[in-house]
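Top line first, the protein sequences correspond to chains G and B. First residue of the first sequence? That's 1 in this note's numbering, and the numbers climb one at a time after it. First residue of the second sequence? That's 1 in this note's numbering, and the numbers climb one at a time after it. Using N, Cα and C, we set each Cβ at its ideal position, and we do this for glycine too. Taking it in order: structure first as C-alpha cells, then the write-up.
Protein chains: 2
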Amino acid sequence: MGAATHSRTHDHGHSHACRADPGTMVSRAETLCRARGVQFTALRREVLEAVAASERPPGAYDLAERLSRPGRRVAPVSVYRALDFLMELGLVHRIASRNAFVPCAHEHGAGENVVFLICRTCGGVDETTSPEVETSLGQTLARAGFTPAHSILEVEGDCGTCRRERAAGEA
Amino acid sequence: MGAATHSRTHDHGHSHACRADPGTMVSRAETLCRARGVQFTALRREVLEAVAASERPPGAYDLAERLSRPGRRVAPVSVYRALDFLMELGLVHRIASRNAFVPCAHEHGAGENVVFLICRTCGGVDETTSPEVETSLGQTLARAGFTPAHSILEVEGDCGTCRRERAAGEA
DNA sequence: GCGAGGTTGTTACAGTGTATCACCCCGCGA
DNA sequence: TCGCGGGGTGATACACTGTAACAACCTCGC
C-alpha cells in the first residue's frame, strides 16, 4: 500500500509477519503511561503485544485464548479491560464492523480521524488519514448543523496486493 | 437539521414521532419487491413499519419484543431474516457502532455512500449524503491502492436541536 | 393434486460485552 | 509495624447480539 498510508501490513507477499512492531508499540506505551502517571502492567503489555503481533485484527476472545497457558488463564473480561485502557491511550482502535482490534500505527494528533481499509480477501486492515476527507466531512457536518465528537470510517474492499494477486491468478 | 440532510428526525421539539413515515416506506417496499419479483410478506412489512416508526434505532431484539403479542411470538431470528431482506433492498441500514437499525430515508443510487449522524444526547440518527466526502474518500483510497466495495461512516456527536437545548438550559 | 422453492417457527448454540464481588499488591500515613 | 485505601486482576455470572440447523407451512405453477 502507498507510502502515505502508514502501512501496517507492509508489502506482504502473504508471508504476513506483524502489523506493527510490538517492541515499538511497547515503547510508545511506556512513554505515554509515564507521562500520564498510569500503570503499564504486564497484562496490558501482553495484550498490546498480542494485538500488535497478529496479522489480522483479533477479537477479544482470540486474545484471551492466545494469552492463556496451561498454568494461567486470562479471562475475556481482563482482555476487555486492557483493551479499554489501550484505546483510551490511543494505542489501539476498535473495528466496529468486525468486532476486532488493531494497533494504532499513528502518533495521532488528538481528534484526528482515521480511515480503516479492510481487505475482504486477506483480512488485513490498513489505517490511513486523509485531510481531504476530514475537511469535506467537516463541511458536511456543519451544513447539517451537527457537532461531531467522534467518528468512524471503515472501508471494506480489496487491498492492492490482493487485487494484483487475483488478477494474476485469473490470467 | 439542514435541508440537505433528508432529515428523518424532523424538527423534533423532543416530541419525537417517527423517523420515516411507515406508510411511505411500505409503498416503496411494495414497488421494489414487485419490480424484483420477491415477496413482501406480512412479517417483512411489520418489521419495516416497526423500524420506521421508532424514534431511535431499535435493535433486533427490541423489534422482536415489539412485534410479539400474547398470542404470537416473533423470534429474534425471524427479525434478523426480515432485516437482512430489507437491507438487501436498501430500505434499512445497520448502524455498526450501535447494533441497531434505521430506515433508509433516501432513494439511493446504488453504491452511494451515506453518512450517519448519531446524536449522543437524544439518540436519534440522521442520514445524509455528501458528494464531497465521496470524492475525497475516493481520492484517498486510490492513493492507497485500495478498491472499495462498501464503506460505513458514522459520526457521533450532538444534533443541532440538542445542542441548542443544552445551551438554553445552561443559560 | 402435487412437487418445488421460498418463508417462517423453533431450538439450540456461538460470539460479544458487562456487572459484580473478592482478592491481591503496593504505597502511604498513623 | 500495622492498618488503610486504591488500582488492578481473577472469577463467576449474566445480558446482549447473531447464526446454524431442521421442521412445518404456504403458495405458485404444472
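- request: Determine the chain B residues that contact residue 139(G) at a beta-carbon separation under 7 Å, and present them in chain order.
  value: Your numbering for residue 139(G) matches position 139 in the first sequence. Per Cβ cutoff of 7 Å: 132.
Point to revise | residue 140(G) - containing alpha helix (DSSP H), residue span | key: For the purposes of this step, residue 140(G) is identified with residue 140 of the first sequence, where counting begins at 1. First-last of the alpha helix (DSSP H) with residue 140(G): 131 to 143.
Can you give the Cα-Cα distance for residue 156(G) and residue 31(G), rounded to whole angstroms?
The residue labelled residue 156(G) in the question sits at position 156 within the first sequence. The residue labelled residue 31(G) in the question sits at position 31 within the first sequence. A straight-line Cα-Cα distance of about 33 Å links residue 156(G) and residue 31(G).
Which residue or residues does DSSP assign as beta-bridge partners of residue 177(B)? Nothing about residue 177(B) can be reported from this structure: the residues present for chain B run from 1 to 171 only.
Worksheet item: Should residue 102(G) be flagged as near chain B, meaning a C-beta pair shorter than 9 Å?
Response: The count along the first sequence starts at 1 and reaches residue 102(G) at position 102. No, its Cβ sits nowhere closer than 9 Å to a Cβ of chain B.
Roughly how many angstroms separate the alpha carbons of residue 38(B) and residue 144(G), rounded to a whole number? Residue mapping note: residue 38(B) aligns to position 38 of the second sequence, counting from 1. Residue mapping note: residue 144(G) aligns to position 144 of the first sequence, counting from 1. Cα to Cα, the separation comes out at about 36 Å.
- Check each candidate in 88(G), 22(G), 107(G), 152(G) and name the one with the smallest Cα separation from residue 49(G). Along the first sequence, one-based indexing puts residue 49(G) at 49. Ranking 88(G), 22(G), 107(G), 152(G) by Cα distance to residue 49(G) puts 22(G) first.
- Can you find a CB in chain G that lies within less than 9 Å of the CB of residue 163(B)? Numbered from 1 along the second sequence, position 163 holds the residue referred to as residue 163(B). It does: the Cβ of residue 163(B) has a partner Cβ on chain G nearer than 9 Å.
task = For residue 145(G), decide whether its Cβ has a neighbour in chain B, counting only Cβ atoms nearer than 9 Å.
result = Numbered from 1 along the first sequence, position 145 holds the residue referred to as residue 145(G). At least one chain B Cβ lies under 9 Å of residue 145(G).
### Task
Would you identify the three-state DSSP class for residue 158(G), choosing helix, strand or coil?
The residue labelled residue 158(G) in the question sits at position 158 within the first sequence. Residue 158(G): strand per DSSP, three-state reduction.
Q. What's the C-alpha gap between residue 88(G) and residue 36(G)?
A. If you number the first sequence from 1, residue 88(G) lands on position 88. If you number the first sequence from 1, residue 36(G) lands on position 36. Straight-line Cα distance between these residues: approximately 11 Å.
Against chain G, with Cβ distances strictly below 9 Å, would residue 84(B) count as a contact? Indexing the second sequence from 1 puts residue 84(B) at position 84. No, no contact with chain G.
Report task. May I ask which residues mark the beginning and end of the beta strand (DSSP E) holding residue 103(B)? Result -> Residue mapping note: residue 103(B) aligns to position 103 of the second sequence, counting from 1. Here the beta strand (DSSP E) through residue 103(B) covers 100 to 103.
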